[in-house]
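Notes to accompany the following structure.
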Ligand code: SF4
């Protein structure tokens with residue numbers, strides 16, 4: 112997370128009507144023209160999403176940023192995504208995050224200091240075993256740099272199985288962070304035996320394992336998680352099936368193994384969108400991912416029945432911090448040459464982090 116503090120944007124923005132905010136954002140977009148690129152993650156609320164030049168998951172948006180020549184890239188997502196965009200864009204481009212409080216709690220569950228400490232303990236317990244680090248894209252630039260330096264790779268929820276396969280061919284073990292569940296689901300899909308997958312608990316010596324368990328393990332999982340996706344439970348799947356025999360259940364791989372194991376299908380946000388879009392009219396879906404995406408799918412496919420898998424609002428509260436008022440505030444400041452909320456990754460970290468991102472793209 113950034114150590115920068117989010118400024119108070121004042122009543123002028125916070126108390127403005129939605130109609131007024133929309134008109135002023137649209138006018139600023141017009142004024143900046145091709146100098147401005149607004150990127151929006153699928154989990155953004157509709158009031159912000161409507162202003163997107165590009166939409167997607169974190170990987171697609173990072174690619175959009177890399178391909179863009181816009182001077183200003185306003186990232187409506189969370190902090191680690193804006194960092195990836197800064198790493199992949201030129202020094203002449205500036206990446207801005209409308210609200211600095213938009214971090215990802217899961218990414219914050221693995222600090223580089225904790226990972227370095229665990230890495231040293233693991234090296235001692237496993238002797239000379241070759242361990243390849245793999246980090247989910249939901250991680251800080253410093254973690255990506257650590258992985259780049261140690262010869263590992265970034266992965267996303269769409270390519271985690273492929274990256275894990277590569278890593279196990281490149282070394283004897285994989286240290287996977289920060290999401291336990293994406294790692295566990297990917298290891299399971301590759302047929303890795305359960306007793307060869309162990310959990311590294313941050314507050315325990317050797318992560319709560321014996322040296323023998325670590326020596327036998329093929330995959331060591333950091334104990335991070337996404338609070339949004341862990342809200343989906345096996346009983347929700349059973350309830351939907353009892354209520355609607357035609358329902359198809361699709362979930363994100365950040366959900367628990369139990370939920371992914373009994374769902375009809377699972378995949379990244381892009382894969383979920385594709386599956387629902389490609390299904391015939393009249394299809395029934397219960398979707399286990401963030402509610403803004405589920406609501407948007409429902410609006411886009413009125414010929415299908417689309418529900419959230421959970422009866423509760425599974426909302427990414429940090430993505431939700433990007434509101435139209437903050438988007439307008441950033442654009443107004445830019446218009447008078449004020450570069451608020453710029454996300455920058457120092458050159459040394461960026462160079463190493465880019466290695467781990469480039470390795471993923473090669474794989
Ligand atoms: S949905 Fe979960 S993993 Fe994604 S940004 Fe929000 S907290 Fe992070």
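In the numbering used here, the protein residues as written are 112 to 474.
Cβ atoms here follow ideal geometry from the backbone N, Cα and C, with glycine treated the same way.
These figures come from a predicted structure and were not determined experimentally.
Residues bridged to residue 343 by DSSP? On the chain shown, position 232 is the one that residue 343 refers to. In DSSP, residue 343 forms no bridge with anything.
Unbroken stretches of the alpha helix (DSSP H), 4 residues or longer, contained in the segment 266-312: 271-281 and 291-300
What's the gap between the Cα of residue 260 and the Cα of residue 468? Reading the chain shown from its first residue, position 149 is the one you call residue 260. Reading the chain shown from its first residue, position 357 is the one you call residue 468. Distance between the alpha carbons of residue 260 and residue 468: 12 Å.
Are the Cβ atoms of residue 225 and residue 313 separated by less than 7 Å? In the chain shown, the residue the question calls residue 225 occupies position 114. In the chain shown, the residue the question calls residue 313 occupies position 202. Yes, the Cβ-Cβ distance between residue 225 and residue 313 is below 7 Å.
Quick check on DSSP: helix, strand or coil for residue 357? Here residue 357 refers to the residue found at position 246 of the chain shown. In this structure, residue 357 counts as coil in the three-state DSSP scheme.
Just how far apart, CA to CA, sit residue 198 and residue 306? Your numbering for residue 198 matches position 87 in the chain shown. Your numbering for residue 306 matches position 195 in the chain shown. Residue 198 and residue 306: Cα-Cα distance of roughly 37 Å.
Range of the contiguous beta strand (DSSP E) that encloses residue 167: Here residue 167 is taken as the residue at index 56 of the chain shown, counted from 1. Start and end: 165-167.
Entirely within the segment 363-413 and at least 4 residues each: give me those alpha helix (DSSP H) ranges in chain order. 368-373, 380-389 and 402-411
Does the ligand SF4 have a heavy atom nearer than 6 Å to the CB of residue 406? For this step, residue 406 is matched to residue 295 along the chain shown. Residue 406 Cβ: outside cutoff for every heavy atom of the ligand SF4.
Expressed to the nearest angstrom, what Euclidean distance is found between the alpha-carbon atoms of residue 420 and residue 116? Here residue 420 refers to the residue found at position 309 when the chain shown is read from its first residue. Here residue 116 refers to the residue found at position 5 when the chain shown is read from its first residue. Just so you know, the alpha carbons of residue 420 and residue 116 end up roughly 36 Å apart.
What does a CB cutoff of less than 6 Å around residue 462 pick up in its chain, not counting 5 residues either side in sequence? Stepping through the chain shown from its first residue, residue 462 is reached at position 351. Same-chain partners within the cutoff: there are none.
Residue 242: which of 186, 426 and 288 sits nearest, CA to CA? Reading the chain shown from its first residue, position 131 is the one you call residue 242. Minimum Cα distance to residue 242 is reached at 288.
Relative to the C-alpha of residue 417, which candidate in 184, 387, 120 and 430 has its C-alpha closest? Reading the chain shown from its first residue, position 306 is the one you call residue 417. Per the Cα distances, 387.
Any heavy atom of the ligand SF4 closer than 6 Å to the Cβ of residue 244? If you number the chain shown from 1, residue 244 lands on position 133. No; taking the cut-off as 6 Å, the Cβ of residue 244 has no heavy atom of the ligand SF4 nearer than that.
Please specify which runs of the beta strand (DSSP E), each continuous and at least 3 residues long, are wholly inside the segment 190-264, giving them in chain order. 205-207 and 242-247
Residue 419 - partner residues in DSSP beta bridges: As a working mapping, residue 419 is identified with position 308 in the chain shown. In the DSSP output, where bridge partners are listed per residue, residue 419 has 398.
Residue 302 CB to nearest chain B CB: under 7 Å? Among the protein chains of the structure shown there is no chain B, as only one such chain exists.
Which of helix, strand or coil does DSSP assign to residue 332? Position 221 of the chain shown, counting from 1, holds the residue named residue 332. Three-state result, residue 332: strand.
Under 7 Å, do residue 430 and residue 154 count as touching if we go by C-beta distance? Here residue 430 refers to the residue found at position 319 when the chain shown is read from its first residue. Here residue 154 refers to the residue found at position 43 when the chain shown is read from its first residue. Between residue 430 and residue 154, the gap from beta carbon to beta carbon is short of 7 Å.
Span of the beta strand (DSSP E) holding residue 183? As a working mapping, residue 183 is identified with position 72 in the chain shown. 183-187 is the extent of the beta strand (DSSP E) around residue 183.
Residue 191 versus 332, 134, 245 and 255, residue with shortest Cα-Cα distance: Counted from its first residue, the chain shown places residue 191 at position 80. With distances taken between Cα atoms, residue 191 lies closest to 255.
Outcome for residue 210 when other beta-carbon atoms lying within 10 angstroms are tallied against a minimum of 16: Residue 210 sits at position 99 when you count from the first residue of the chain shown. Buried.
What do you reckon, are the CB atoms on residue 433 and residue 213 nearer than 7 Å? Position 322 of the chain shown, counted from the first residue, corresponds to residue 433. Position 102 of the chain shown, counted from the first residue, corresponds to residue 213. In contact: residue 433 and residue 213 (Cβ atoms closer than 7 Å).
Check: residue 216 C-beta below 6 Å from any heavy atom of the ligand SF4: Residue 216 sits at position 105 when you count from the first residue of the chain shown. Because some heavy atom of the ligand SF4 lies under 6 Å away, the Cβ of residue 216 counts as near it: yes.
Residue nearest to residue 338 in terms of C-alpha spacing, selected from 280, 367, 251 and 294: As a working mapping, residue 338 is identified with position 227 in the chain shown. That would be 367, whose Cα lies nearest to the Cα of residue 338.
Would you tell me roughly how many angstroms separate the C-alpha atoms of residue 204 and residue 382, rounded to the nearest one? Residue mapping note: residue 204 aligns to position 93 of the chain shown, counting from 1. Residue mapping note: residue 382 aligns to position 271 of the chain shown, counting from 1. Their Cα atoms are separated by approximately 30 Å.
The segment 144-151 in contact with the segment 162-171 per 3-pair CB rule at 8 Å: yes
Enumerate in chain order the residues of its own chain whose CB-to-CB distance from residue 188 is below 6 Å, with the five nearest sequence positions on each side excluded. Here residue 188 is taken as the residue at index 77 of the chain shown, counted from 1. Excluding sequence neighbours, residue 188 sits near 152.
Span of the beta strand (DSSP E) around residue 149: Position 38 of the chain shown, counted from the start, is the residue given in the question as residue 149. DSSP places residue 149 in the uninterrupted beta strand (DSSP E) bounded by 147-152.
Does the segment 438-451 come into contact with the segment 116-134, if we say contact requires no fewer than three beta-carbon pairs (one atom in each stretch) closer than 8 Å? yes
Residue 358 and residue 395 - do their beta-carbons sit closer together than 7 Å? Residue mapping note: residue 395 aligns to position 284 of the chain shown, counting from 1. Residue mapping note: residue 358 aligns to position 247 of the chain shown, counting from 1. Yes, Cβ-Cβ distance for residue 395 and residue 358 is below 7 Å.
Is residue 187 near the ligand SF4 - that is, is its Cβ less than 6 Å away from at least one heavy atom of it? Against the chain shown, residue 187 aligns to sequence position 76. Residue 187 Cβ: outside cutoff for every heavy atom of the ligand SF4.
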